[in-house]
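See structure below.
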Amino acid sequence: MYKTLDLKSKAAEIRIDLLKMIHNSGMGHTGSSLSNTDILVTLYYSVMNIRSDEPEWEGRDRFILSKGHGVESYYCILADLGFIEKKELNTFCQYNTRLIGHPNNKVPGVEMNTGALGHGLSIATGIAKAAQMDDCSYRVFALMGDGELAEGSIWEAAMAAAHFKLDNLTGIIDRNKLQISGSTEEVMSLDPLSDKWKSFGWEVVEVNGHDYQELNTVLSKVPLKKGKPTLILASTVKGRGVSFIENQADWHHRVPTAEELDRALKELSSAGVDLDD
Amino acid sequence: MTKVACKQAICEELIERARRDKDIVVLTSDSRGSASMAEFARKLPRQFVEVGIAEQNLVGIASGLAAAGKKPFIASYAAFVSMRAIEQVKIDVAYSGVNVKIIGISGGVSYGPLGMSHHALQDIAFMRAIPGLSVYMPADQYESKNLIGELVNDHSPTYIRVGRNPVEDVYPSKGFNFQINKANTLQEGTDISIICCGEMVQTAIAAAAELDQQKISTRVINMHSIKPLDREAVLRAARETVSILTLEEHSIYGGLGSAVAGVLSQQHQLPLKIMGLPDKPVIAGKPAEIMAYYGLDKKGVVRAVKELLKKSGDRK
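Residue numbers (numbering that gives the first Met the number 0), protein chains in the order written: chain A, 0 to 276; chain B, 0 to 315.
Below is the structure:
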């Protein structure tokens with residue numbers, strides 16, 4: 000179990016890895032991955048029961064990245080934890096790689112292929128339902144983007160998970176309020192988002208999606224209410240951690256140039272612990 | 000001779016199998032009655048998941064169940080599950096490579112009077128284009144049961160399409176040597192091969208009897224497996240008969256006929272006719288009325304065979 004400070008420096012490492020990886024490959028969702036890094040780091044280094052030397056261990060907690068485009072932080076974490084070799088990150092999006100630009104379950108540690116938006120919560124609901132049927136104690140976490148909440152299938156799953164009383168399921172929303180075309184509220188308004196999930200029968204809690212302490216506290220004690228799935232509405236900043244990438248919709252899948260990478264790495268390595276500013 | 004709907008037979012077989020294998024789960028989308036699965040839900044409620052009218056979620060949940068080690072069988076309307084949820088079939092099921100069996104019920108023009116919204120005439124085209132997905136269309140209750148018996152022990156993603164109506168038996172209840180992925184030649188012949196599947200096997204058998212009376216030697220091949228296709232059976236038919244006619248309750252595009260044409264175009268040149276529903280919204284009516292309207296009944300098939308053989312100018 001990592002301490003909060005450790006999570007902070009680990010997240011800075013992961014951000015550095017993913018920026019290098021995206022720069023090397025010439026492809027990637029920079030803003031999206033930086034946005035979800037702290038949530039993933041908290042899950043993988045503090046909350047989830049997993050075994051990197053036994054990726055298919057039956058008792059493992061399951062994670063589904065519904066916003067599949069935020070895959071870079073995910074692959075970097077799997078490499079750091081030893082699910083794959085770190086040098087494999089060099090193959091990201093390259094010829095015949097298994098590190099495809101969206102989650103690929105041929106990669107150890109990745110449960111299911113995602114990428115088309117609005118799929119992940121249904122998949123997670125199915126896994127949680129299986130655990131319920133078999134009385135298994137593992138938990139299921141699904142990370143959604145906010146833009147993808149416009150997909151109707153998300154709400155089909157939201158309805159079903161509450162109907163099935165899947166308190167082993169936790170949905171997390173990376174609420175950075177930006178999607179590829181601009182503000183989520185301008186493209187297709189989502190607020191009041193918390194009320195929407197509550198009305199669908201979920202136990203909702205709002206957190207700062209970059210505050211390891213808050214994330215850790217909530218994620219470690221789910222379910223918050225017996226018989227109800229948990230929804231963690233995590234306020235985030237798209238591009239978090241690099242000043243000139245933060246809150247810029249066009250950094251959704253922009254690739255840093257050599258000069259930009261250099262500036263970003265300087266910011267991250269000198270101020271790995273100053274991200275809360 | 001009994002008349003039993005394939006979906007009914009599938010339900011019976013699944014109950015039988017699921018009693019012995021607790022991992023078998025049936026999922027429906029408010030379709031348990033239509034799918035003849037109400038009995039399964041009653042008898043094995045702990046292995047039954049109702050998802051409501053939400054086909055995308057239905058397929059997504061099934062893929063999650065499979066990822067967690069269950070053996071889910073979806074029983075939902077062919078028209079809706081094949082199109083509303085096609086992206087979930089492509090990604091959650093086939094791309095992830097999980098063991099989900101999708102039974103498309105009331106396929107083809109089973110819901111003839113209800114119009115194009117409820118007709119499923121493009122499902123095979125969609126499903127067979129998805130990498131890693133097998134596609135089957137059994138002809139009667141016994142083939143349905145045998146097919147399910149094989150599929151419960153198989154772990155690959157699969158689409159099975161059946162109709163709504165009771166169908167006459169093609170096979171005997173006992174001693175039927177079912178071989179999955181192998182075409183079954185119901186009768187030998189040397190002039191024409193009719194390659195068919197699903198409920199159209201009945202029509203082919205009837206047409207063959209008529210053709211035989213007219214001294215046209217007709218081979219009837221039941222191709223229950225549209226993907227993988229039994230290429231050998233198609234090539235043998237191409238070598239041993241003058242022409243081939245395919246017959247299916249599906250659009251002329253993308254179904255059994257296209258699959259057969261694909262094999263033939265690579266290996267043989269011989270007259271081929273693809274019989275199916277046209278590339279337009281089909282008329283409303285009872286299934287038999289619709290099929291007759293488009294010449295997909297015994298009379299129409301006999302006529303088509305004779306025209307085909309006349310064109311090939313090579314009848315024995």
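Glycine included, each C-beta is placed from N, C-alpha and C at the ideal position.
| Item | Value |
| --- | --- |
| Is the beta carbon of Ile52 (chain B) closer than 7 Å to that of Ala61 (chain B)? | no |
| 7 Å is my cut-off, CB to CB: does Gly125 (chain A) come that close to chain B? | yes |
| Write down every uninterrupted run of the beta strand (DSSP E) in the segment 217–269 of chain A whose length is 3 residues or greater and which is fully enclosed by it, in chain order. | 229–234 |
| Checking contacts by CB at 7 Å: is Lys69 (chain B) closer than that to chain A? | yes |
| I believe Ile244 (chain A) touches Thr29 (chain A) by the beta-carbon criterion, under 8 Å. Please report the beta-carbon distance rounded to the nearest angstrom. | 6 Å |
| Can you tell which of A:Tyr137, A:Val254, A:Ile76 has its C-alpha closest to the C-alpha of Val221 (chain A)? | A:Tyr137 |
| Which residues, in chain order, does the segment 127–149 of chain B contribute to contact with chain A at a C-beta distance below 8 Å? | none |
| Residues of chain A with CB closer than 9 Å to the CB of Tyr158 (chain B), please, in chain order. | Per Cβ cutoff of 9 Å: no residues; Tyr158 (chain B) is ~18 Å from chain A at best. |
| So for Lys297 (chain B), helix, strand or coil by DSSP? | helix |
| Less than 7 Å between the beta carbons of Leu168 (chain A) and Pro228 (chain A), yes or no? | yes |
| Identify, in the order they occur along the chain, each residue of the same chain with its Cβ nearer than 7 Å to the Cβ of Glu71 (chain A), setting aside the five sequence neighbours on each side. | Leu17, Met20, Ile21, Gly27, His28, Ser32 |
| Taking a cut of 7 Å between CB atoms, which residues from the segment 84–99 of chain B lie near chain A? | Glu86, Gln87, Ile90, Asp91, Tyr94, Ser95 |
| If contact means a Cβ-Cβ distance below 8 Å, which residues of the segment 52–66 of chain B contact chain D? | Of the protein chains in this structure, namely A and B, none is chain D. |
| Looking only at its own chain, which residues have a Cβ that is under 7 Å from the Cβ of Ile129 (chain B), when we skip the five neighbours before and after it? | Val88, Lys89, Ala93 |
| Any chance the segment 149–168 of chain B sits against the segment 230–243 of chain B, with 3 or more Cβ pairs inside 8 Å? | no |
| Kindly list the residues whose CB is nearer than 6 Å to the CB of Val272 (chain A), restricted to its own chain and excluding five residues on each side of it in sequence; keep chain order. | With a pLDDT of 48 at Val272 (chain A), under the threshold of 50, the predicted position of this residue should be treated as unreliable, though the coordinate-derived value follows. So the qualifying residues of the chain are Lys7. |
| What residues of chain B sit near His28 (chain A), judged by a beta carbon separation below 9 Å? | The contacting residues do not exist; His28 (chain A) stays about 18 Å from chain B at best. |
| Using a threshold of 7 Å, state whether the C-beta atoms of His209 (chain A) and Asp37 (chain A) are closer than that. | yes |
| At which residues does the alpha helix (DSSP H) containing Leu146 (chain B) begin and terminate? | 140–150 |
| Please list, in chain order, the chain A residues whose beta carbon lies closer than 8 Å to that of Arg45 (chain B). | Met132 |
| Using 8 Å as the Cβ pair cut-off and three pairs as the minimum, do the segment 64–82 of chain B and the segment 8–26 of chain B touch? | yes |
| Between the Cα of Arg218 (chain B) and those of B:Tyr110, B:Ala203, B:Leu228, spot the shortest distance and give me the residue it belongs to. | B:Ala203 |
| Who are the neighbours of Val48 (chain B) on chain A, taking C-beta pairs under 7 Å? | Lys128 |
| Is it right to say Gly58 (chain A) is buried, meaning 16 or more other beta carbons lie within 10 angstroms of its own, or is it exposed? | exposed |
| Would you say Glu155 (chain A) lies against chain B (beta-carbon separation less than 7 Å)? | yes |
| Looking only at DSSP bridge pairs, what is Glu100 (chain B) linked to? | Correcting the residue type first, residue 100 (chain B) is Lys in the shown sequence and not Glu. The partner list for Lys100 (chain B) (beta bridge, DSSP) reads B:Phe72, B:Thr157. |
| Which residues in the same chain have their Cβ closer than 7 Å to the Cβ of Val109 (chain A), if we skip the five residues on either side of it in sequence? | Pro102, Asn103 |
| Give a yes or no on whether the C-beta atoms belonging to Leu210 (chain B) and Val304 (chain B) are separated by under 7 Å. | yes |
| Would you tell me roughly how many angstroms separate the C-alpha atoms of Ala11 (chain A) and Leu189 (chain A), rounded to the nearest one? | 30 Å |
| Between which residues of its own chain and Gly114 (chain B) is the CB-CB distance below 6 Å, once the five residues before and five after are set aside? | Ala283 |
| Using a Cβ cut-off of 9 Å, which residues of the segment 102–126 of chain A contact any Cβ in chain B, in chain order? | Asn103, Asn104, Lys105, Glu110, Met111, Asn112, Thr113, Gly114, Ala115, Gly117, His118, Gly119, Leu120, Ser121, Ile122, Ala123, Thr124, Gly125, Ile126 |
| From Lys297 (chain B) to Ala208 (chain B), what does the alpha carbon distance come to, in whole angstroms? | 10 Å |
| Could you tell me whether any Cβ in chain B is nearer than 7 Å to the Cβ of Ala161 (chain A)? | no |
| Going straight from the alpha carbon of Lys285 (chain B) to that of Met187 (chain A), what length do you get? | 44 Å |
| On the criterion of 16 or more Cβ atoms from any shown chain inside 10 Å, does Ala140 (chain B) qualify as buried, or is it exposed? | Residue 140 (chain B) is actually Gln in this sequence, not Ala. Classification of Gln140 (chain B): buried, given that the 10 Å Cβ count is 16 or more. |
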